[in-house]
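Novice:
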Amino acid sequence: MKKFKQVLSQIMIIICLSSFITPEAAEFTNLPIVVTVQAAYNKATIYDVQEALNNAGYDCGTPDGVVGKNTKTSIRKYQKDNDLKVTGTINKTLLKMLGITVTKSSSSNSTKTEATVYITRTGSKYHRSGCRYLRQSKISISLTEAKKNYDPCSVCRP
Ligand SMILES: [Zn+2]
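Take any residue in the sequence shown, note its place counting from 1, add 1308, and you have its number in my numbering.
1) Compute the Euclidean distance between the alpha carbons of His1435 and Lys1455, then round it to the nearest angstrom.
2) For ligand 3, is there any heavy atom lying closer than 7 Å to the beta carbon of Tyr1458?
3) Can you say whether Ser1462 is buried or exposed, counting buried as having 16 or more other CB atoms within 10 angstroms of its CB?
4) Does at least one heavy atom of ligand 1 sit under 7 Å from the Cβ of Arg1436?
5) Do you know whose CA, among Leu1361, Ala1364, Ser1450 and Gly1373, lies nearest Ala1348's CA?
6) If you run the structure through DSSP and keep just helix, strand and coil, what is Val1374?
7) Can Val1425 be considered in contact with ligand 1, in the sense that its beta carbon sits closer than 7 Å to one or more heavy atoms?
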């Protein structure tokens, strides 16, 4: 019985040590984790949220598809004013309230057989992901749909 207690205390020490190590290890990986969480919604969706918030009178600056400080503040204000849970981040409830339909990101949609290309708010060309013309705005669209209304970009040749 004495030996059992000894083993038990050793296990406890290991558990205690590992719980001390974990937060330290998490600190090193902190940055990529934050990025992953926010990447749950793609740029087109974030863009729509920013535009909708601006229209509703919650100024987040010029929509850029990136959740920055202004956007977070606006989301918080909007959530507070509308009796939503104040998170400062985009979630399903917020999107529903703003009347936004989520454009599925190509990575999370494995059943899709169609290729996705991107258009901009103002341009008449469609682009491949990562094209320099997509820096201002990036809206995902199916290739079939893009071919109907847009011309291929001469730089990235989608
Ligand atoms: Zn292009």
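Each residue gets a CB set at the ideal place from its N, CA and C atoms; glycine is no exception.
Specialist: Reading off the structure:
1) Stepping through the sequence shown from its first residue, residue 1435 is reached at position 127. Stepping through the sequence shown from its first residue, residue 1455 is reached at position 147. Cα to Cα, His1435 sits roughly 11 Å from Lys1455.
2) Absence of ligand 3 from the depicted structure is noted, with ligand 1 being the only ligands included.
3) Stepping through the sequence shown from its first residue, residue 1462 is reached at position 154. So Ser1462 ends up on the exposed side.
4) Translated into the one-based positions of the sequence shown, residue 1436 becomes position 128. Yes, ligand 1 has a heavy atom inside 7 Å of this Cβ.
5) Your numbering for residue 1348 matches position 40 in the sequence shown. Closest option to Ala1348, Cα to Cα, is Gly1373.
6) As a working mapping, residue 1374 is identified with position 66 in the sequence shown. Coil.
7) Here the question's residue 1425 lines up with position 117 in the sequence shown. No - ligand 1 has no heavy atom lying nearer than 7 Å to the Cβ of Val1425.
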